[in-house]
Structures are given as C-alpha cells and as structure tokens.
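In our numbering, the protein residues as written are 2 to 573. All C-beta atoms in this analysis are idealised placements derived from N, C-alpha and C, irrespective of residue type, glycine included.
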RNA sequence: CGGGGCGUGGCUCAGCCUGGUAGAGCACCUGGUUCGGGACCAGGGGGUCGGAGGUUCAAAUCCUCUCGCCCCGACCA
C-alpha cells in the first residue's frame, strides 16, 4: 500500500476522551474513529489487524474440528424467553421492536440461536458431537462502555458452541478448545494466563478465562505457585479459624449515626473483623440476607451462583426498613430467622462474639453468637479474596495481578438444551438432553490488548503475525531519484514476494515519516536514504529494539523476506 | 443509576469568573525556501461557541431545561 493513497489519518496529539494507551494509539494511528460511546468504525489499518486476528482464530478453530457458520445479529425474543434469559439478563440486553410490535434482541451471544438450529436437526447420537462457531458482531448495552474497543457496545467476537451426548465427549472438546485457545493467543504474540472463573448469567459450572497480562486490565487475577489461578470473582482462599471465645451475654449498644463497618468499629473500638456485615439483596422477587465478616467484601458473583443465577440487586433503604424493621446501616441477622432467607459466609464462626446491627435505629448488638442469637444454616463462600490471602490448594500466599479477559470457555451442561428442548436419541432409542459447551474470544478486544501489552512512547509495536503490514518502506527523500528508484524497486520486489508492504511514498519530511512509522508500529522498517545508498546499503530497523542492520541494496529484498518469515514462524 | 468534569473550525485547547469585533497551535489550500526523527516564511479557506428557552440595548460568557462525551463508583455474558 502506498501511503500517498492510503486512508490513514494519523494524529499528533492524544485524543481528549481516551484514557488507555491502546485507545489513544488506535485513534492516533488512524485505526478507528468513534461515533458514540462504545461505538466505533474500524478504518483500513484497524480492520486489517482485526482480520489478521480473526484469521488466526479461524485457522485454529478449523484445525480443532469446529465448523464456521453465521448466526443472525437480530433474533426473535421468543428464543430468549424460552431459555429464560429474556428475564434474567438485565439492561445489558439490547431489545428492539419491529413495526408489528414484535420483540427482538440484538445478540450479545448466541446460545439460543445455535441451540434452535441443532434441536431441529440433531435427532440421533450419531449426529454428535458437533462444534459450530462464528466470527461476528455482538451487542451489549454496557452500563458503562469505556476504554475504546476494550469495552464497547458493539464489538467482534468469535463464539463457538459444542453439542455432545455426554460429559466425556464435552470434556474432550473442552480440552481441544483449551488447546486451540492457547495456540491462538500464543500466535497473536500475547502473554496470557488461564484462570478459573465465574460463569455469570451464561450458566454452567466448569469454566476458564484467558487473561492477557496487563496492569490496565479490568480483571483481577489470583495465582499461586502450585498452579492455582482464578479470577477475583471466582478465587477461593484458605482460612484458619480463630480460637473460640468464652460465651458472653448479648448486649444492646447505642451507636448513633454509626452505619458503616468502619464507623461502628471505630466507635466501639474493635477491629472490623469482629463485625458482621449484613447485606439485604433481592434475587428476583426473593429477598435474602447475606452475612459476611466485616473486614471482607461481598462477592456478588459468588452470591449469584449460590442463589442459582437469578439477577441480584441490593435492596433499597425502604425495603430494608420494611423487612428488618431497622434503617439502612443497622441490619443484622438477629431476629430475622424464618422471616428471610439468610446466607452466611463460610468463614463465620459459631464460637465468636460478633457485633451486628440491631435492626433498630442507632442500635448495634454486642456478643452476638451464631447458633445462639442467630442461626444461619445456609453457608457459602460469599466474599472476594484479597491481597495476602492464602491459596486454597497449597496454602501459600497468592499473587495478585491484573488482566484483560480475551477468552472464556464454559461447560454449559444441559441448561439450554433442557430449557429449549434440544434432545437426541441414544443407541437404545432413549431420549436425552444434549450436553453443551461454549467458547468465546473477544476478537476486537485482542487487538486492543495486544497494543496494551506492546507499545512505547512513540507508538504501537505489533507482533508480526497480527501486524497490519509486514514491512514499512521509508525513502528518506522521495524526490531524490536514486532513493525513489531503489524504494520503488524494493516495494515491487517485496510485493511480488507476497509480503504485505506499507510504502511511504509521500513527499513529506523524514521526521514526519519516521514518527508515523513508529506510531503505526509495523515491526520491520526499511530506511532508504542518500547516505546509505552512497555506500550501497539500506537500513533494516527493528521497531521493538530499534536495532538497525545495514544490508547491501541487492540483498535487501531477501533479507526482509527472511526476517519476516522468521518472525511469523516463531509465533505460530 | 449516584458523584464529579467537559462540550468553542478536522484535532488539542485558550477566551467564560467580571456580557460588548470569536482566538492560538496543529492539520488543510497556494507560493517559496528546506529535507536522516513531527521545518520555516508569506498568503488563504474553514466555527449559527452541543441544542432549546430565558435575562439583557447586547450572550461563547449570566439563568433554566435538555442532549452528548469523559472519569470515579455501582454493574458486566
């Protein structure tokens, strides 16, 4: 591509509305432009990279035996009502109505659509397993789109769905997908880790996320030396019970206007771990009280799993008062047994004297003993692991880091097949629900993640396999005849050799071209100038290291080809 | 949804407090000089100051409403 003819609007300055490096660089390098919050057009350069990523994904999915399809973006609401997600997914689901007032959704994911197809065409165990995938546009009405392509409302995703006769078959495919994902992210030149994760509204139990390591990542990852790794929504931790304390009698204490754990702990002069934090939620229509240690944060993902995935919301101050009798900030489990479902964190101990809200304005209770003053039968891990916590497997302190979620694989089981009636007949003619798995990759998010992970003060540094071009030719002075002829000849030779070449044939000053080249981030640059030509050489410059190799003009084409091929090979 | 910030040529911003001729740099067009890391000189085009209403002789500037964008929080398949 000749830069003189390319639509590649680069910017000298950072856009005012971008925060992340990847976002700034994608705008500055002319890869994309914004139309509205979370809605972008990909320009030629951005689309080239996206296609490269998609192609790697496609090759690896095909290699793993999956078949590509194209599912609709717009789907009838009925399918989503059948699966239950019409109700269970909240505001993130884009809903749409047609002229006849029929309801539709803009697909955020496509379990319903594939399941609808498979249930109509798979009757026999002989037809299974199947693994269908697509690469397409997804819509999510994000509460807060941000960070450019990292969290957009419209984005490109690869989603695959597998169908099986049993868990063993599912496990095989799950493993194949795990390997395919590892190859994909490796080929894309990314540093990543696989972690146990929360399955959210998609459902199912076993699932793993693939996280690209980056400080700017939105996800927190816990990992320990033994190999345990989990997202913060999922991460468990080991804990040691504190010694039991002598029983003491329950006591009311006036705590005027002391509502938060910090306030109450300071007011009473005790540690926050002495308090019980009681949070009133609604799981759909059902109110429930989550009780956790005062020094811990509630993990909504864990709570949601415990209550079966119904949408959760915190109760309003009015609802709290109506149910507990006391205002917000003075809630506690005492006296609520039988009135409301209570779930206690597993680390709560029978033998301790806790401080809790008194369900009365300005009153807290001291020396509350579980089992004596309040009974919480239902127990579950409800809190988020934190820095310094110990690994649930090996007991070592876990390392905390941040990551960008680029892939997520799930064993779904029969959630969708049962809800939507997708069955098959086994060899004995008996009917069973089809066992499912699903596997997603954020294609456009990979583009952003790759930049996030590989850039410097001057711009992007592409890994060769997803670089928009393999090599960038910069004639220092395009008007100087020898320079121009040499550059033209090299451009022709490399193009002829099927390399993807960006050729800066513009009549610009050298500084401008160098800056643009660094910004765009093509991994290999050939600089052709009078100085070098006088000695019969051109310069090959590595974008990442800045190292310059001087090669004779006659060998330039071969040298470039060798280096590009080597760079493509190492990461595939 | 709660809190905060910002909307002024294509981009980055000043001007607003204290009302009175719409500005700068970059980008763009013309001519010239220049040419190994975002040049210089001269000339030029381009903005109903997000929108609506109000106050005023007069509004980018003050008031009300509204829309959009960004950040923090909540949320996230």
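query: If distances are taken between C-alpha atoms only, which option among 544, 533 and 161 comes closest to residue 555?; result: 533
query: Please report the Cβ distance between residue 289 and residue 342, rounded to the nearest whole angstrom; I am assuming they are in contact, meaning their Cβ atoms lie under 8 Å.; result: 4 Å
query: Under the DSSP definition of a beta bridge, which residues are partnered with residue 387?; result: Per DSSP, none; premise fails for residue 387.
query: To the nearest angstrom, report how far apart residue 312 and residue 112 are at their CA atoms.; result: 19 Å
query: Can you have a look at residue 5 and say buried or exposed, based on whether 16 or more other CB atoms are within 10 angstroms of its CB?; result: exposed
query: Among 87, 413 and 291, which residue has its Cα nearest to the Cα of residue 379?; result: 291
query: Within the region 411 to 479, note down every full beta strand (DSSP E) run reaching 3 residues or more, in order along the chain.; result: 424 to 426, 432 to 434, 436 to 443 and 472 to 476
query: Pull up the distance between the alpha-carbon of residue 190 and that of residue 285, whole angstroms please.; result: 43 Å
query: Could you say which of 222, 200, 366 and 173 lies nearest to residue 256 if we only look at CA atoms?; result: 366
query: Using CA coordinates, which residue listed in 450, 497, 474 and 508 is at the minimum distance from residue 51?; result: 450
query: Which residue comes first and which comes last in the beta strand (DSSP E) that contains residue 42?; result: 40 to 43
query: Just tell me which of 465, 392, 282 and 65 has its CA closest to the CA of residue 232.; result: 392
query: Residue 570: which of 326, 401 and 464 sits nearest, CA to CA?; result: 464
query: Residue ranges of each beta strand (DSSP E) run of no fewer than 3 residues wholly in the region 219 to 251, ordered along the chain?; result: 220 to 224 and 230 to 232
query: Residue 74 and residue 444 look like a contact to me (Cβ under 8 Å); what is the Cβ gap, rounded to whole Å?; result: That pair is no contact at about 15 Å.
query: Hey, how far is the Cα of residue 133 from the Cα of residue 174?; result: 12 Å
query: Answer yes or no: do residue 524 and residue 510 have a C-beta to C-beta separation smaller than 8 Å?; result: no
query: Mapping DSSP to helix, strand and coil, what is residue 136?; result: strand
query: Can you look up residue 2 in the DSSP assignment and give me helix, strand or coil?; result: coil
query: Tell me the DSSP secondary structure of residue 201 in three-state form.; result: helix
query: Tell me the residue span of the alpha helix (DSSP H) that contains residue 112.; result: 112 to 122
query: Since I believe residue 321 is in contact with residue 383 (beta carbons under 8 Å), could you give me their beta-carbon distance rounded to a whole number of angstroms?; result: Between residue 321 and residue 383 the Cβ distance is about 18 Å, and since that is not below 8 Å, they are no contact.
query: Per the contact definition of three or more C-beta pairs closer than 8 Å, is the region 295 to 305 in contact with the region 316 to 335?; result: no
query: Counting only the same chain and skipping the five closest in sequence on each side, list residues whose C-beta sits under 6 Å from that of residue 407.; result: 211, 213, 443, 446, 447 and 450
query: What span of residues does the beta strand (DSSP E) with residue 352 cover, start to end?; result: Taken as a continuous stretch (DSSP letters only), residue 352 belongs to no beta strand (DSSP E), as it is neither H nor E.
query: Taking residue 92 as the reference, give the member of 54, 488, 141 and 431 with the closest Cα.; result: 141
query: Determine which residues share a DSSP beta bridge with residue 55 and list them.; result: For residue 55, which the question treats as bridged, DSSP gives no partner whatsoever.
query: In the DSSP output, what is residue 402 paired with across the bridge?; result: 222
query: Out of curiosity, what's the CA-to-CA distance linking residue 243 and residue 104?; result: 55 Å
query: Going by beta-carbon coordinates alone, are residue 215 and residue 223 separated by less than 8 Å?; result: no
query: Does the distance from the CB of residue 611 to the CB of residue 220 come in under 8 Å?; result: This structure gives no information on residue 611, because the portion of the chain shown stretches from 2 to 573.
query: Within the same chain, show all residues whose beta-carbon is closer than 6 Å to that of residue 494, passing over the 5 residues directly before and after it, in chain order.; result: 558
query: For residue 67, tell me which candidate among 195, 438, 487 and 474 has the shortest Cα-Cα distance.; result: 438
query: Excluding sequence positions up to five away, which residues of its chain have a Cβ less than 6 Å from the Cβ of residue 177?; result: 65
query: So, helix, strand or coil for residue 570, using DSSP?; result: helix
query: Classify residue 139: buried if its beta carbon has 16 or more other beta carbons within 10 angstroms, exposed otherwise.; result: buried
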